[in-house]
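Enquirer:
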Amino acid sequence: MSCSYADGLSPYENKGLLGVPEKFDSDDKVKKNAPYWQSGCKIPNMWWCIPVLASVPLQVYQIFAKIVFSGPNGVWTLEKQGKKPNINVSLNDAIPTKTHMALKHLIEKNYVHFVISQNIDGLHLKTGVPRSRIAELHGNMFIGQCNTCGSQFVRSSATTTVGKKVSGRRLQKDCGKRESL
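If you read the sequence shown in this note's numbering, its first letter stands for residue 286, the second for the next number, and so on.
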């Protein structure tokens, strides 16, 4: 998954800081903060503090697949060392985490109005968050687009191409064109 995605990208040198240790909250910290999140993120005596955006870190995805790009054993870290990661995971098998489901719940309750994600896995869509409430900065491997009429659609499986390359998969019969993503 991450490896095939990374393999499809154009080569470039600046991949940021690599090999940085990953950080996770302790179970105690998660339990301590749970009431805050369960209350809909309302802070006592701060009635005006309702978030309108949720920026989704890559770590939300890492929890699912244990795959990172820049961590100590990340795809790009190993690439820089001349090694290839031994990973065989498909984006098609990815399922939303509890964090994805919590964000969907916060959107449904109108505590969060918009999600900004760096992930390409389509997991926010799989939870049922409307596309109109998601900005996917690096795209979404499950969105196809006709290169003639421009209409977009949600694919049942991840695209096999990266970078808006034509996949050759036919669109709807009435369009008669081929998709570009």
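No residue lacks a Cβ here, since even glycine has one placed at the ideal position from N, Cα and C. Owing to the predicted nature of the structure, the values given are computational and were not obtained by experimental measurement.
Would THR445 be called buried (16 or more neighbouring beta carbons within 10 Å of its own) or exposed?
Expert: Exposed, because fewer than 16 other Cβ atoms sit within 10 Å of the Cβ of THR445.
Enquirer: Return helix, strand or coil for VAL397, following the three-state DSSP convention.
Expert: coil
Enquirer: Where do the ends of the beta strand (DSSP E) carrying VAL360 lie?
Expert: Here VAL360 belongs to no beta strand (DSSP E); instead the alpha helix (DSSP H) covers 360–365.
Enquirer: Any idea if SER442 is buried or exposed, counting beta-carbon neighbours within 10 angstroms, 16 or more meaning buried?
Expert: Exposed, because fewer than 16 other Cβ atoms sit within 10 Å of the Cβ of SER442.
Enquirer: Once you ignore the five residues that flank ARG265 on each side, which residues in its own chain have a CB closer than 7 Å to its CB?
Expert: Residue 265 is absent from the structure shown; the chain starts at 286 and stops at 466.
Enquirer: Let me check understanding here. Comparing Cα to Cα, which of ASN395, GLN437 and ASP406 lies closest to ARG418?
Expert: ASN395
Enquirer: Let's see if you can read the secondary structure: which residues bound the alpha helix (DSSP H) around HIS423?
Expert: For HIS423, there is no enclosing alpha helix (DSSP H), as DSSP gives it neither H nor E.
Enquirer: Could you compute how far the alpha carbon of ILE299 sits from the alpha carbon of PHE438?
Expert: Checking the sequence, you will find Asn at residue 299 rather than Ile. Using only the alpha carbons, I get a separation of about 32 Å.
Enquirer: For GLY424, which option in SER402, CYS434, ARG440 and SER436 has the closest C-alpha, if you only look at C-alpha atoms?
Expert: SER402
Enquirer: According to DSSP, what are the bridge partners of ILE428?
Expert: VAL439
Enquirer: How big is the Cα-Cα spacing for THR384 and LEU303?
Expert: 25 Å
Enquirer: For VAL315, count neighbouring Cβ atoms within 10 angstroms of its own Cβ and tell me buried if that reaches 16, exposed if not.
Expert: exposed
Enquirer: Can you grab the Cα-Cα spacing for the pair ASN358 / CYS434, in whole Å?
Expert: 42 Å
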